[in-house]
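So the sequence shown is numbered by my numbering: it starts at 36 and just counts up by one.
First up is the structure itself, then whatever we jot down about it.
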Amino acid sequence: MEQKEQLEKALDALREFVCGLAGQAGKDEAYGQKLWQGISRSEGLLQELAYYYDKGQFLCRYEVAGYTLVDILVWQVDHFKLYMDRPQEMNRYRQPRLLLAAFESMLQMEQDPKAFVEKMRSETGQDILE
36 MEQKEQLEKA LDALREFVCG LAGQAGKDEA YGQKLWQGIS RSEGLLQELA
86 YYYDKGQFLC RYEVAGYTLV DILVWQVDHF KLYMDRPQEM NRYRQPRLLL
136 AAFESMLQME QDPKAFVEKM RSETGQDILE
């Protein structure tokens, strides 16, 4: 198999992976395809996805405004602690949903890092008033 065919096969596998995760997360095919389109246009996120697909862990090489996918995941879990009384709405019990949300957030950060960084800094999931 030549290199171009191998690349196309790998990209198809990643697209199917994202769409499969979307289904597991309760999202429709259109959501999975849209997210895949965004990821496939981002060299950094595509590398992160490929590494996760192969190894089941994060490469953490790609950063936007100093944040990696793991930073976003930690923020998401912390942020959603406020919903402990509503477990059906919690992303932290739905690994596919959390993973997709991290990639989606990173895509948003690529477009507008300042707004997202501010959101991550101000929405900590703490229920303590300052």
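Even for Gly, the Cβ is constructed at its ideal location relative to N, Cα and C.
Applying the 10 Å Cβ sphere with the 16-neighbour rule, what's the burial state of residue i?
i, result
"alanine 137", "buried"
"methionine 141", "buried"
"leucine 42", "exposed"
"glycine 91", "exposed"
"tyrosine 88", "exposed"
"glutamate 83", "buried"
"glycine 67", "buried"
"methionine 155", "buried"
"methionine 36", "exposed"
"glutamine 72", "exposed"
"glutamine 38", "exposed"
In three-state terms, what does DSSP make of residue i?
i, result
"tyrosine 97", "coil"
"aspartate 147", "coil"
"leucine 132", "Looking at the sequence shown, residue 132 is not leucine but arginine. DSSP places arginine 132 in helix when its eight states are reduced to three."
"glutamate 83", "helix"
"glutamate 139", "helix"
"glutamine 111", "helix"
"glutamate 153", "helix"
"glutamate 78", "helix"
First and last residue of the alpha helix (DSSP H) that includes residue i?
i, result
"glycine 67", "64–75"
"aspartate 47", "38–59"
"tyrosine 102", "From DSSP, tyrosine 102 is part of no alpha helix (DSSP H); its letter is neither H nor E."
Is the shortest distance between the beta-carbon of residue i and the beta-carbons of chain B less than 7 Å?
i, result
"serine 140", "Of the protein chains in this structure there is only one, and it is not chain B."
On the three-pair Cβ rule with 8 Å, is the segment 131–139 touching the segment 52–72?
Cβ pair count under 8 Å is three or more, so yes.
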